[in-house]
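A short worksheet on the structure shown next.
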Amino acid sequence: MKIKTRFAPSPTGALHIGGVRTALFAYLVARKAGGVFSLRIEDTDRARFVEGATEDIIKTLKWLGLTFDGEPIYQSERLDLYKEHAKKLIDSGKAYEKDGAVWFKIDLDGKTSIVDLVRNRKIEFENSTQKDFVILKSDGYPTYHLAHVVDDHLVETNPVIRGAEWISSVPKHIQLFKAFGWQVPQYAHLPIILGTDRSKLSKRHGAKPASEFRSDGFLPEAILNFMALLGWTPPSGKEILSLSEMVQEFDLFDVNNTNAIFDITKLEWMNGEYIRKTENSNLKVKIRNYLMDISDNTLVKEGHPSEEEIEKVVPLIKDRIKTLSDIVPLTDFLWEKPEYDKEIFKKLKVKNCSETLLKIAEKLEKMEKPWNTEIFEKTFRELADSIGAKAGGVFQLIRVAISGQTVTPPLFESIEIIGEGEVLKRTKEAIEFLQAV
RNA sequence: GGCGCAUUAGUCAAACGGUUAAGACGCUGCCUUCUCAAGGCAGAGGCAGGGGUUCAACUCCCCUAUGCGCUACCA
-11 MKIKTRFAPS
-1 PTGALHIGGV
9 RTALFAYLVA
19 RKAGGVFSLR
29 IEDTDRARFV
39 EGATEDIIKT
49 LKWLGLTFDG
59 EPIYQSERLD
69 LYKEHAKKLI
79 DSGKAYEKDG
89 AVWFKIDLDG
99 KTSIVDLVRN
109 RKIEFENSTQ
119 KDFVILKSDG
129 YPTYHLAHVV
139 DDHLVETNPV
149 IRGAEWISSV
159 PKHIQLFKAF
169 GWQVPQYAHL
179 PIILGTDRSK
189 LSKRHGAKPA
199 SEFRSDGFLP
209 EAILNFMALL
219 GWTPPSGKEI
229 LSLSEMVQEF
239 DLFDVNNTNA
249 IFDITKLEWM
259 NGEYIRKTEN
269 SNLKVKIRNY
279 LMDISDNTLV
289 KEGHPSEEEI
299 EKVVPLIKDR
309 IKTLSDIVPL
319 TDFLWEKPEY
329 DKEIFKKLKV
339 KNCSETLLKI
349 AEKLEKMEKP
359 WNTEIFEKTF
369 RELADSIGAK
379 AGGVFQLIRV
389 AISGQTVTPP
399 LFESIEIIGE
409 GEVLKRTKEA
419 IEFLQAV
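Right under this line is the structure:
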């Protein structure tokens, strides 16, 4: 039997990270089997419909690289189909109308059980615990239960991959399939992703949209990799793996059935790993595109950093950033004049900051041009020796003088980027600042 | 309350009856070092509790506890 999976979100809000994992696993199952992965928009709840949600879902899946086959199916465009099927059940005595809605008549005898593809575990219910439920609402829209059964039967979805919050509804679905005389598909219920408050991550609880991770500077590869590992460990045990490697290794049986807490700290680490292993030239493009994408925000000030500036800075910041957005606070000082804070100078190990800075300025003026890191390092190590200070202390003083910060990318390289004239100017300004306070 | 699913360190997790109970993030210390990172090395930290079954239980069964989910003419 051909493997066909689908991701079936409801457009009641932007795609969130829990949905990303459901989509990813459905994608992996289909691609591994050479099957079909499609998208179905479950827009049957008019009250909770959110304008733009469908577009966000499609756009985000595309950004992540979870390409689906064919065109999305919109349930709201298939109302007649559901109505027709509800009528069939009424005709066969398996459903009835009440208050303008159609109710399914549940069979209270016996048990309903499935073997879930996740770990092949058996899930069982006493049918006596079930009760009749609505399949067609009085507004003419189907409920999830009817729509799921009809659609997944018609497109021959197998297996049905969805969140574990649906486990409780399994008896309803099984009975519906049987009432139609259809074959019951296999199911895989994925463990639920919880927020740090331990409650289900959902748009109802204001889960962060996946698109926001994009604007925060996360890479799609890192997000997919991280989400895959939430509930799944590849047989190889690899922690960093590409989408195609995941496709090769994936098996629903290996998915665990324990809810997992979404911890962004590890995602940040992983994003850093992906950034570090990206070629400089490629990283430059990613950063540039990222900054352009979100340039309506305040990250890019007065056109900085430009493409050339990014290129210079990439080797310096590559090991130091976890997200693409980190580049801005880390390199701001290269293009903008720093603001000084006397407290920062006070904390330095060098005693007479302004005096030492005067000597530094003197050296800078005499230093052979063009400056380079070797000349620079040699000059100031000598200076440190001559005034009986530690080289590190002198370097740190220079760092604060040119950046206003105690933490920056490597000093000498930063200085080369800032340029001879500007460095001297900033040094003098730092001296003036210190003398004024 | 009822029904269902689950329970290995702060977090993600491996283990599929026999291991000194992997690994990763985070944390701590050391090394490296112009700061911060990155990198290297070392370390702390765990099978929810109780009963069974078995020569042997993290692993199988039962009970309790706890967590989560569902309990809508929402998905």
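Everything in the first sequence is counted per our numbering, starting at -11 for the first residue and increasing by one.
Where a beta carbon is used, it is the ideal one built from N, C-alpha and C, also for glycine.
Remember, predicted model here, so these are calculated numbers, not experimental data.
Taking 8 Å as the cut-off, the Cβ atoms of residue 45 and residue 3 count as close. With a minimum length of 4 residues, the unbroken runs of alpha helix (DSSP H) contained wholly in the region 63 to 114 fall at 67 to 79.
Following the DSSP letters along the chain, one finds residue 26 inside the beta strand (DSSP E) bounded by residues 24 to 29.
In this structure, the straight-line span from the alpha carbon of residue 377 to that of residue 338 is close to 7 Å.
Taking residue 222 as the centre and dropping the five residues before and after it, the same chain places the C-beta of 237 closer than 6 Å to its C-beta, in chain order.
In the structure shown, residue 248 falls within a strand segment according to DSSP collapsed to helix, strand and coil.
DSSP, reduced to helix, strand and coil, places residue 45 within a helical segment of the structure shown. Only exposed fits residue 228, as fewer than 16 other CB atoms lie within 10 angstroms of its CB. By the C-beta density criterion, residue 186 is exposed, having fewer than 16 other C-beta atoms within 10 angstroms.
Residue 202: member of the alpha helix (DSSP H) spanning 198 to 203, first to last residue. As the crow flies, the alpha-carbon of residue 62 is around 9 Å from that of residue 27.
Buried is the label assigned to residue 202, since at least 16 other Cβ atoms lie within 10 Å of its Cβ.
It is roughly 10 Å from the alpha-carbon of residue 150 to the alpha-carbon of residue -3. At a Cβ-Cβ threshold of 8 Å, residue 235 and residue 20 count as neighbours. Cβ-Cβ distances below 7 Å link residue 83 to 74, 77, 90, 91, 92, 93, 123 in the same chain, with the five nearest sequence neighbours on each side left out; the list follows chain order. Beta-bridge analysis with DSSP links residue 130 to 124. As computed with DSSP, residue -8 is found in a beta bridge with 24, 146. According to the DSSP assignment, residue 178 belongs to the beta strand (DSSP E) that extends over 175 to 178. Between residue 262 and residue 346, the CB-CB gap reaches or exceeds 8 Å. When DSSP states are grouped into helix, strand and coil, residue 61 belongs to the strand group. Per the coordinates, the alpha-carbon of residue 167 lies some 10 Å from the alpha-carbon of residue 161. The Cβ atoms of residue 311 and residue 268 do not sit closer than 8 Å to each other. The beta-carbon separation of residue 243 and residue 257, rounded to 23 Å, does not stay under the 8 Å limit for a contact. An exposed status is given to residue 264, since fewer than 16 other beta-carbon atoms sit within 10 Å of its beta-carbon. Using a C-beta cut-off of 8 Å, the region 367 to 374 makes no contact with the region 323 to 330, since fewer than three inter-stretch Cβ pairs fall below that distance.
Looking at 99, 315, 105, the one whose alpha-carbon comes closest to that of residue 114 is 99. Here residue 363 is near residue 356, since their CB atoms are less than 8 Å apart. Between residue 176 and residue 36, the alpha-carbon positions lie close to 26 Å from each other. With fewer than 16 other CB atoms across the displayed protein chains lying within 10 angstroms of its CB, residue 103 is exposed. Distance from the Cα of residue 57 is smallest, within the candidate group 71, 31, 87, 22, for 22. Rounded to the nearest whole angstrom, the C-alpha separation of residue 392 and residue 382 is 14 Å. In the three-state reduction of the DSSP assignment, residue 155 falls in the helix class, which pools H, G and I. Across the set 270, 218, 302, the C-alpha of 218 shows the shortest separation from the C-alpha of residue 252.
Secondary structure in the region 333 to 400: the alpha helix (DSSP H) runs of 4 residues or longer, each lying completely within the stretch, are 341 to 354, 361 to 374, 379 to 391 in chain order. Counting the other CB atoms within 10 Å of its CB gives residue -1 a total of 16 or more, which places it among the buried residues.
Following the DSSP letters along the chain, one finds residue 317 inside the alpha helix (DSSP H) bounded by residues 315 to 323.
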